[in-house]
Each structure stands twice: as structure tokens, then as C-alpha cells.
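Encoded as C-alpha cells, the structure appears first; notes follow it.
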Amino acid sequence: MPALNGFLWLLLCWLAGELIVHYTGIPVSSGVIGMLLLCGALAINGGVPESVAAAAQPLIAMLAMLIMPGVTGVFFMIDQLAGQWTAIIISLIIGTLFSVFTTLWLLQRLMRDDHAG
Numbered sequence: 003m004p005a006l007n008g009f010l011w012l013l014l015c016w017l018a019g020e021l022i023v024h025y026t027g028i029p030v031s032s033g034v035i036g037m038l039l040l041c042g043a044l045a046i047n048g049g050v051p052e053s054v055a056a057a058a059q060p061l062i063a064m065l066a067m068l069i070m071p072g073v074t075g076v077f078f079m080i081d082q083l084a085g086q087w088t089a090i091i092i093s094l095i096i097g098t099l100f101s102v103f104t105t106l107w108l109l110q111r112l113m114r115d116d117h118a119g
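In the numbering used here, the protein residues as written are 3 to 119.
Okay, structure coming up:
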């Protein structure tokens, strides 16, 4: 039953993200808004409850399969991207570097805090 409770939390955060995007019209994915809401709730809670961890673990294992439909969808609009390859490549490089440096910074900070406590 703990996984079901955790899955309910994940669904509620996603649904709240859907409602926020629908009523505000902001151009951000409802999944991103839901994850930000979940992140805020977990930060206030001070950690990840066992139920949320039990529900999220199988989803993480299938992450590649969950991403595939979006990646496949790009091939259906490839002709619309024809004149934008420079912008796409630059944004991919900058986004990748930003992601790597952010991950490294966060890892160093968390490991320093872990060793200090």
C-alpha cells in the first residue's frame, strides 16, 4: 500500500501542474510544474517519504521508455526544424554544459554537507 500512497502524491502534483498551466496559460510543461511542486513539498517535509520513493523507483527504471515518445515526435516535424540547426546545436551544447556543471556543483555541495554533519 505505501507505493499506492506515493503514486497518489505523484499524480496529485502532476494534476496540480496541469491545473496551473491550464488556468495561467504559462508556456511550461505541466510535468515540470508538478515536479517543482513535488520538490517544494519534499523540501518542506525534509526528505522523501518511503511511499513516494516506493512509487518513484519503478518509474525511474522506465525513464528511457517514458522519454521515447517525445524524442520520436521530433522526427515527424523534422522539416519544420530545417533552418534552425545552428540554434538547436548551440542550445544543446549550452544546455548540456549547464546541466553537467550544475550537477557537479550540487554533488560537491551535498557531499561537503554530508561529510561535515
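Virtual Cβ for every residue (Gly too), placed ideally from N, Cα, C. Just so you know, these numbers come straight off a predicted model, no measurement behind them.
Is it the case that the Cβ atoms of residue i and residue j are separated by a distance below 8 Å?
i     : j     : result
Leu99 : Ile90 : no
Ala56 : Gly8  : yes
Where does residue i fall in DSSP's three states?
i      : result
Ile28  : coil
Met129 : There is no way to answer for residue 129, as the model of the chain reaches only from 3 to 119.
Using beta carbons (cut-off 8 Å, strictly below), is residue i in contact with chain C?
i     : result
Leu13 : Given the protein chain composition of this structure (a single chain), no chain C is represented.
Among the options, which has the Cα closest to the Cα of residue i?
i     : options                     : result
Leu14 : Pro29, Gly36, Phe103, Met3  : Gly36
Trp11 : Pro51, Val102, Gln110       : Pro51
Ala58 : Gly27, Ala5, Leu112, Met113 : Ala5
Ser32 : Leu21, Cys41, Val73         : Leu21
In chain order, what residues of the same chain lie with their CB nearer than 6 Å to the CB of residue i, ignoring the 5 residues before and after it?
i     : result
Leu39 : Cys15, Ala18
Spatial neighbours of residue i within its chain, please: CB distance less than 8 Å, with the 5 preceding and 5 following residues excluded, ordered by chain position.
i      : result
Ile46  : none
Val102 : none
**Request:** May I have a chain-ordered list of the alpha helix (DSSP H) segments no shorter than 4 residues that lie completely inside the stretch 23 to 95?
**Result:** 32 to 47, 52 to 63, 65 to 76
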